[in-house]
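Take a look at the structure set out below.
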Amino acid sequence: MVTEQKKLGVAVVGLGKYCREELMPALQQTQSCFLAGIVTGHDDKKQEIQRQYALEEKNCYTYDTFDDIADNPGIDIVYVALPNAMHAEYVIRAAKAGKHVICEKPLARNLNECYNMASAVEEAGVRCSMGYRLHFDPYHQELMRLGQQQVFGAIKEMTLLNSMKITDPAAWRLNKDLAGGGPLMNNGIYCVQAAMYISGQLPVAILAEYLPATDKRSLRGVEEGIRWQMDFDSGMTAACETGFSKNQNLIQVQAETGWFELAPAFEYRGLKGAFSGGLIHFPEVNQQARQMDDFAECIIYNKPSRAPLNMGIRDMKIVEAIYESAESGKRIQLNLSEYAFLPEI
544 MVTEQKKLGV AVVGLGKYCR EELMPALQQT QSCFLAGIVT GHDDKKQEIQ
594 RQYALEEKNC YTYDTFDDIA DNPGIDIVYV ALPNAMHAEY VIRAAKAGKH
644 VICEKPLARN LNECYNMASA VEEAGVRCSM GYRLHFDPYH QELMRLGQQQ
694 VFGAIKEMTL LNSMKITDPA AWRLNKDLAG GGPLMNNGIY CVQAAMYISG
744 QLPVAILAEY LPATDKRSLR GVEEGIRWQM DFDSGMTAAC ETGFSKNQNL
794 IQVQAETGWF ELAPAFEYRG LKGAFSGGLI HFPEVNQQAR QMDDFAECII
844 YNKPSRAPLN MGIRDMKIVE AIYESAESGK RIQLNLSEYA FLPEI
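The sequence shown begins at 544 in the numbering used here and counts up by one.
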């Protein structure tokens, strides 16, 4: 927590459901940052949010006037919560405006976009963090402790399932142009993340396959489901699955002398945990508030982020390897040793 004078102003870009229902309410609970502005292409949304949060007109931008944010000293951080296809443009524009950035996952649609974003951030001398909220949830932090400290011995295998049934055929996540991919880009990336931060290890190989589509009419260039196995040097394996045709929400970890799990595992709230000796329980927290406070404090006190931009690039390399394996049917080798410095490894 920082003093009132040091609180950093956050402008959210995109007023979709996640922003309205999670991010902006979370910014009413933060201690080190606050909601300072909005960016939207919808005047009706702008007026509604402006009234609800008593925002001054000078802090409300359209996509056309976004670059004027450079002249607003009351905005320190830009939170990009747009469809994946717009991440690169707005992270780069925010960096050029001299603002620090939080980008929702995935970082971008492909590695080329990721590298362009990284170059812009470095050139501008600003900070960029991923919107990886689960790094700040006590249940996931407990799984990190149990796994990385080998409380039950070395991990032998994990099962990670994260699927979300989408019934709206117009949903942007079903459109490859907007999403860059299907459930792997949106839900599956949580499985990729968790396998690494629970074990403290980096995968060395991937084998993946697409799941049969049950409703091809709604899919605009994206997979409906995909499963993959991540192999690690230690001999540990992580079996993962994600899709848009059903709901799944599970992490199970089997170690040498015990097990632990979360079910549901990836939600904003209501997580439930257990281990071979009983239940795992923590008071509920606001994941998004903790995530944004942490980034604000990283800026204020010049600390490293728990979820830096390089983590997003690393994860996109894994995502692209999963797609390559599913397309080719071959096991894809990975060399991620350059990312061994990241916080959870």
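Glycine included, C-beta positions come from ideal geometry on N, C-alpha and C.
Measuring alpha carbon to alpha carbon, tell me which residue in the options is nearest residue i.
i	options	result
residue 733	703, 574 and 715	703
residue 699	808, 745 and 797	797
residue 812	853, 844, 564 and 608	564
residue 562	632, 682, 646 and 771	646
residue 651	728, 639 and 667	728
residue 577	587, 554, 583 and 559	554
residue 671	877, 708, 887 and 856	856
residue 877	747, 643 and 566	747
residue 735	717, 720, 783 and 763	783
residue 586	606, 575, 567 and 574	606
residue 623	617, 615, 616 and 632	632
residue 852	731, 882 and 762	882
residue 620	790, 669 and 654	669
residue 614	594, 588, 589 and 641	641
With 16 as the cutoff for other CB atoms within 10 Å, does residue i come out buried or exposed?
i	result
residue 858	buried
residue 777	exposed
residue 583	buried
residue 848	buried
residue 866	buried
residue 571	exposed
residue 602	buried
residue 608	exposed
residue 611	exposed
residue 820	exposed
residue 737	buried
residue 692	exposed
residue 830	buried
Considering only DSSP beta bridges, list what residue i is partnered with.
i	result
residue 792	705
residue 817	804 and 822
residue 683	None, per the DSSP bridge assignment.
residue 836	None, per the DSSP bridge assignment.
residue 555	581 and 622
residue 672	645 and 851
residue 694	696
residue 773	749 and 781
residue 768	786
residue 797	700 and 802
residue 576	551
Taking a contact to mean a Cβ-Cβ separation below 8 Å, would you say residue i touches residue j in this structure?
i	j	result
residue 597	residue 638	no
residue 835	residue 673	no
residue 705	residue 818	no
residue 772	residue 780	yes
residue 697	residue 799	yes
residue 661	residue 832	no
residue 887	residue 739	yes
residue 752	residue 869	yes
residue 643	residue 842	yes
residue 764	residue 719	yes
residue 721	residue 762	no
residue 769	residue 801	no
residue 665	residue 725	no
residue 678	residue 850	yes
residue 701	residue 795	yes
Heavy atom of the ligand GTP less than 7 Å from the Cβ of residue i, yes or no?
i	result
residue 834	Among the components of this structure there are no ligands whatsoever, and the ligand GTP is therefore not found.
Hey, residue i and residue j are a contact pair by Cβ (cut 8 Å); roughly how many whole angstroms apart?
i	j	result
residue 874	residue 750	5 Å
residue 744	residue 787	Contact flag wrong, Cβ pair sits at about 29 Å.
residue 580	residue 552	7 Å
residue 708	residue 675	So it is not a contact: roughly 23 Å between Cβ atoms.
residue 663	residue 723	No, residue 663 and residue 723 are not in contact; Cβ-Cβ is about 19 Å, not under 8 Å.
residue 626	residue 715	5 Å
residue 827	residue 654	Between residue 654 and residue 827 the Cβ distance is about 36 Å, and since that is not below 8 Å, they are no contact.
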